[in-house]
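Here is the structure we will look at.
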């Protein structure tokens, strides 16, 4: 029997966004996806949090070392979000400051992404699941050193009870209805900004609309 959590839809009032170890050093090692595409996916997920005003927690590990600083775009996008710089914990959930920041959101559904998928995402996901959270692990805003590591990590996440999905699923679930006021932001900043074909479709639609309006005025 399918567990109930797999049949649920997210809504912006019951979830939080956790961005884990998206650091300029470790991201250079991501090899299961093109780095430019990976960066776009990370920013797309962050844009979802911004458009839907999700409580967001950002963390990085050993930011003064080879892991490098957290992506500056994330910090610019969420100037008021708690940013936890972990002095040593590999599993972010074991850092009391990070866990306290997550608990302070008051949300029991967590959207999580991290670098790398097999460690920085997997470890806190299973810790959160063990404490009764419902976790959505966003695989395309997470990355590994090679494709096999990414695939097996996603399998392990699903086996552990996480809901493994991509950022477009998160965006669609939270938007749910194009009549909602977040539709413009979803179309312009999320889909339009990070799915090239969608931007082209939008431009084509705008061109067609403008052309038809121009013809109606001259006829």
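Numbering (my numbering), first residue to last: 36 to 254.
Glycine included, C-beta positions come from ideal geometry on N, C-alpha and C.
Computed from a prediction, not measured in an experiment: that's the story for all the values here.
Query - DSSP-derived helix/strand/coil call for residue 177 - result: coil
Query - Option in 145, 111, 130 and 78 with minimal Cα separation from residue 167 - result: 145
Requested in this report: Find out if the Cβ-Cβ distance for the pair residue 177, residue 148 is shorter than 8 angstroms.
Outcome: yes
Query raised in the report: So is residue 63 buried or exposed if we call it buried at 16+ other beta carbons inside 10 Å?
Result: exposed
Query raised in the report: For residue 50, which of helix, strand or coil comes out of DSSP?
Result: strand
Report task. Determine the direct distance from the alpha carbon of residue 153 to that of residue 88, and round the result to whole angstroms. Result -> 28 angstroms
**Report entry** Inter-residue spacing [alpha-carbon to alpha-carbon] between residue 218 and residue 46
**Finding:** 14 angstroms
Requested in this report: Compare the beta carbon distance of residue 189 and residue 151 with 8 angstroms and say whether it is the shorter of the two.
Outcome: no
Requested in this report: Spatial neighbours of residue 160 within its chain, please: CB distance less than 8 angstroms, with the 5 preceding and 5 following residues excluded, ordered by chain position.
Outcome: 147, 170, 172, 192, 195 and 197
Query raised in the report: What's the call for residue 102, buried or exposed, on a 16-neighbour Cβ count within 10 Å?
Result: buried
**Report entry** Segment limits, alpha helix (DSSP H) that includes residue 70
**Finding:** 70 to 86
Query raised in the report: For residue 113, is the classification buried or exposed, using 16 other Cβ atoms within 10 angstroms of its Cβ as the cut-off for buried?
Result: buried
Query raised in the report: Can you give the beta carbon distance from residue 90 to residue 59, rounded, assuming they're within the 8 angstroms contact cut?
Result: Not quite, the Cβ-Cβ distance comes to about 25 angstroms (not below 8 angstroms), so this is no contact.
Requested in this report: Answer with buried or exposed for residue 182, where buried requires no fewer than 16 other C-beta atoms within 10 angstroms of its C-beta.
Outcome: exposed
**Report entry** residue 36, DSSP secondary structure in three states
**Finding:** Reliability fails at residue 36, whose pLDDT of 41 lies under 50, so the model's placement of it is uncertain and the value that follows must be treated cautiously. Note: residue 36 maps to coil in three-state DSSP.
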